[in-house]
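Visitor: Right, I'll just put the structure down here and ask away after.
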Ligand code: G6P
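Residue numbers (full-length UniProt numbering): 2 to 490.
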């Protein structure tokens, strides 16, 4: 990655994602307070901050209808290098409908939802139309802000039409697209009515990135089977147009977590938590309350463990932080009800007046408190049914330098391919296996825990979000289609 050389000006990078990396709150008439949220994407771009002038394009996360309000918010966002895309009129059908009701389950091997033909506003077709419209609204904002030579990095399943729309507008724009979720087997993707249009549109980009080799090869095979295009070692060639497909496993900013664990405030919280759970081992779960996270499967595995291990009943507690998410999508409401039912049943069966086996919280927790929880936990239990990467497992490892706790990790999370060496891998659908893994983790001797932790900690430290962002941008920056075509098999 290098400077563009012209009058010392830094090259610009437009990072386009459904959600801007800020949280916006109304503080009065036409006034807003904004806070940058230091998630994966923000950390990912730390490494290229010196070389590239980054601008963000995305939905600001709040409903704004009034023109004066939009204006005021746009001005405040501009100070944080953010450019808003206001999606109000299409938002419900685009975000709750097509993105999270249709694409999300397909990408996670969950199949298409049953169509409700009584509600003509919510058919697959109307949601698909809203999705395309929303992608066009992103296009309009990008065109307004694009300067010649800008690199454009598009993120995730919300914006699969954007590569094609942008190339139709200007074929010279260099475009990267990264999928943060898994890509399914072709047999699953094939069921999607608009499968070919979506694939062709994504292939309009120059570089496509996935978290794991499995996801990238599912994508390539799906393109070959559905579109009949040619797969090469380097990517895909369609009607003479070459698209590079590569693997870029995301990470976290490990130092942010390591530093937090050393703060006096966090150490105090750790002491309080240890006192609160004195005499008990703590198993921790931290997930968005999403059906892909397998929270019911986690509870069923824990229930089996309590059934079969009477001696552990008063000596272990499962703390589950279930962060509310996408509440307007019916499947999310269903899984919440199911989870609550299981917590009630298990606490009813195995609890007493003074102690409950599951502490379930429907909320997010403050960053410092989260680090304290990660640091005092003996076991982290991740039972995703399918997951792009699962950075919670990375965060846990970053906070475990003192304790050397054990990670029990679903083999269906992308992280299983990077942290598999130090974790106990499980099939979350197999309650017996989850129960045995919990037992193994709780009984694991310190020496073995140290050995496993060392391997994973080293990986988390070196494969950071910063490295991920750097690798992707370097590849996009230096990508040359003709070179790729010449390497074709
Ligand atoms: C997943 C997706 C992201 C998304 C995040 C939170 O990780 O890959 O694109 O931002 O979930 O979901 P939300 O719908 O709240 O943005």
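Virtual Cβ for every residue (Gly too), placed ideally from N, Cα, C.
Apply the 10 Å Cβ neighbour rule to residue 364 and answer buried if 16 or more other Cβ atoms are within range, or exposed otherwise.
Guide: By the neighbour-count rule (16 or more Cβ atoms within 10 Å), residue 364 is not buried but exposed.
Visitor: What residues in its chain sit with their C-beta under 7 Å from that of residue 7, if we drop five residues either side in the sequence?
Guide: Confidence at residue 7 is low in this model, with a pLDDT of 47, below 50, so the placement of that residue should be treated as unreliable; the coordinate-derived value is given next. If we look at residue 7 and ignore the five residues flanking it on each side, it has no Cβ neighbours.
Visitor: Taking all protein chains shown into account, do 16 or more other C-beta atoms lie within 10 angstroms of the C-beta of residue 484, making it buried, or fewer, making it exposed?
Guide: By the 10 Å Cβ count, residue 484 comes out exposed.
Visitor: Find the nearest neighbour of residue 167 within the set 183, 185, 187, 141, judged by alpha-carbon distance.
Guide: Of 183, 185, 187, 141, the residue nearest in Cα terms is 141.
Visitor: Between residue 20 and the ligand G6P, is the CB less than 6 Å from at least one heavy atom?
Guide: Within the cutoff, so yes.
Visitor: Return the residue from the list 305, 110, 66, 181 that minimises the CA-CA distance to residue 19.
Guide: The residue with the shortest Cα to Cα distance from residue 19 is 181.
Visitor: Going along the chain, which residues of its own chain have a beta-carbon closer than 6 Å to the beta-carbon of residue 316, five neighbours each way excluded?
Guide: The residues are 281.
Visitor: Determine the extent of the alpha helix (DSSP H) in which residue 427 is found, giving its start and end residues.
Guide: Residue 427 -> not in any alpha helix (DSSP H); beta strand (DSSP E) instead, spanning 425–427.
Visitor: Run the proximity test for residue 181: is its beta-carbon closer than 6 Å to any non-hydrogen atom belonging to the ligand G6P?
Guide: Correct: residue 181 has its Cβ closer than 6 Å to the ligand G6P.
Visitor: Rounded to whole angstroms, what's the CA-CA distance from residue 291 to residue 408? Just pull it up for me.
Guide: C-alpha separation (whole angstroms): 20 Å.
Visitor: Mind pulling the alpha helix (DSSP H) runs of 4 or more residues that sit fully within the stretch 28–94?
Guide: Entirely contained in the stretch 28–94, the alpha helix (DSSP H) runs reaching 4 residues are, in chain order, 41–45, 68–80, 89–92.
Visitor: Buried or exposed: which applies to residue 477, given that a residue is buried once 16 or more other Cβ atoms fall within 10 Å of its Cβ?
Guide: Residue 477 is buried by the Cβ-count criterion.
Visitor: Taking its Cβ as the centre, do 16 or more other Cβ atoms sit within 10 Å of residue 367, making it buried, or is it exposed?
Guide: So residue 367 counts as exposed.
Visitor: Under DSSP, the alpha helix (DSSP H) around residue 220 begins and ends at which residues?
Guide: That run of the alpha helix (DSSP H) goes 214–228.
Visitor: Using the Cβ count rule (16 or more neighbours within 10 Å means buried), how would you classify residue 354?
Guide: Its Cβ having fewer than 16 others within 10 Å, residue 354 is exposed.
Visitor: Do you know whose CA, among 107, 251, 424, 11, lies nearest residue 194's CA?
Guide: Comparing Cα positions, the closest option is 107.
Visitor: Do residue 99 and residue 128 count as a contact pair if the criterion is CB distance below 7 Å?
Guide: Yes.
Visitor: For the beta strand (DSSP E) that contains residue 321, what are its first and last residues?
Guide: 317–324 is the span of the beta strand (DSSP E), which, as asked, contains residue 321.
Visitor: Just verifying my parser: in three-state terms, what is the DSSP assignment at residue 396?
Guide: Reduced to three states, the DSSP call for residue 396 is helix.
Visitor: Mind checking whether the beta-carbon of residue 215 lies closer than 6 Å to any heavy atom of the ligand G6P?
Guide: No, Cβ of residue 215 sits at least 6 Å from all heavy atoms of the ligand G6P.
Visitor: From what residue to what residue does the beta strand (DSSP E) around residue 430 run?
Guide: Run containing residue 430: none; DSSP gives neither H nor E here.
Visitor: If you reduce the DSSP assignment to three classes, tell me which class residue 277 lands in.
Guide: Note: residue 277 maps to helix in three-state DSSP.
Visitor: Alpha carbon to alpha carbon, how far is residue 360 from residue 349? Give it in angstroms, no decimals.
Guide: Straight-line Cα distance between these residues: approximately 12 Å.
Visitor: If you count every other CB in all the chains shown that lies within 10 Å of the CB of residue 396, and 16 or more means buried, which is it?
Guide: The residue is buried, with at least 16 neighbouring Cβ atoms inside 10 Å.
Visitor: Please state the DSSP three-state secondary structure of residue 306.
Guide: In the structure shown, residue 306 sits in a helix (DSSP, three-state: H, G or I).
Visitor: Between residue 173 and residue 151, what straight-line distance do the alpha-carbon atoms span, to the nearest angstrom?
Guide: About 10 Å.
Visitor: Whole angstroms is fine: what's the gap from residue 176's alpha carbon to residue 154's?
Guide: Straight-line Cα distance between these residues: approximately 6 Å.
Visitor: Need the endpoints of the alpha helix (DSSP H) that residue 156 sits in, please.
Guide: Premise fails: residue 156 lies in the beta strand (DSSP E), 152–156, not in any alpha helix (DSSP H).
Visitor: Measure the alpha-carbon distance for residue 93 versus residue 214 and round it to whole angstroms.
Guide: Distance between the alpha carbons of residue 93 and residue 214: 33 Å.
Visitor: Ignoring anything shorter than 3 residues or poking outside the stretch 109–159, list the beta strand (DSSP E) runs there in chain order.
Guide: You should have 152–156.
Visitor: Just to confirm, are residue 15 and residue 61 a CB contact at a threshold of 7 Å?
Guide: No; because the gap between Cβ atoms is not below 7 Å, this pair is not in contact.
Visitor: Using beta-carbon positions only, say whether residue 74 and residue 65 come within less than 7 Å of one another.
Guide: Result yes, Cβ atoms of residue 74 and residue 65 sit closer than 7 Å.
Visitor: Within this structure, are the beta carbons of residue 373 and residue 406 separated by less than 7 Å?
Guide: Going by C-beta atoms, residue 373 is not nearer than 7 Å to residue 406.
Visitor: Is it buried or exposed, residue 169, if we count other Cβ atoms within 10 angstroms and call 16 or more buried?
Guide: Answer is exposed; the Cβ neighbour count stays below 16.
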